[in-house]
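Numbering (the numbering used here), first residue to last: 98 to 167. Every residue gets a Cβ at the ideal spot worked out from N, C-alpha and C, and that includes glycine. A quick note: this is a predicted structure, and the numbers were derived from the prediction, not measured.
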């Protein structure tokens, strides 16, 4: 089960993809992310691994900051 912060992070990436003005196809080509995986992720049907989420965030110009847990 994903934590609320993980879900929020994924939602922020989904929003950034929608607002980027780029097609999911173009993003997949540029980031080498499988197009079917991206489609399922954007539909909320699949979770992407941490490395893939980080690569996607970096591509979209998002800063990923890991904070120490409590």
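Simplified DSSP assignment, three categories, for residue i
i, result
"residue 143", "coil"
"residue 136", "helix"
"residue 162", "coil"
"residue 124", "helix"
"residue 99", "coil"
"residue 110", "helix"
"residue 150", "helix"
Candidates the options, of which the one nearest residue i by Cα
i, options, result
"residue 123", "101, 157, 161, 150", "157"
"residue 106", "165, 150, 164", "150"
"residue 100", "154, 144, 155, 148", "144"
query: If you pair each beta-carbon of the region 99-114 with each one of the region 125-133, do three or more pairs fall below 8 Å?
result: no
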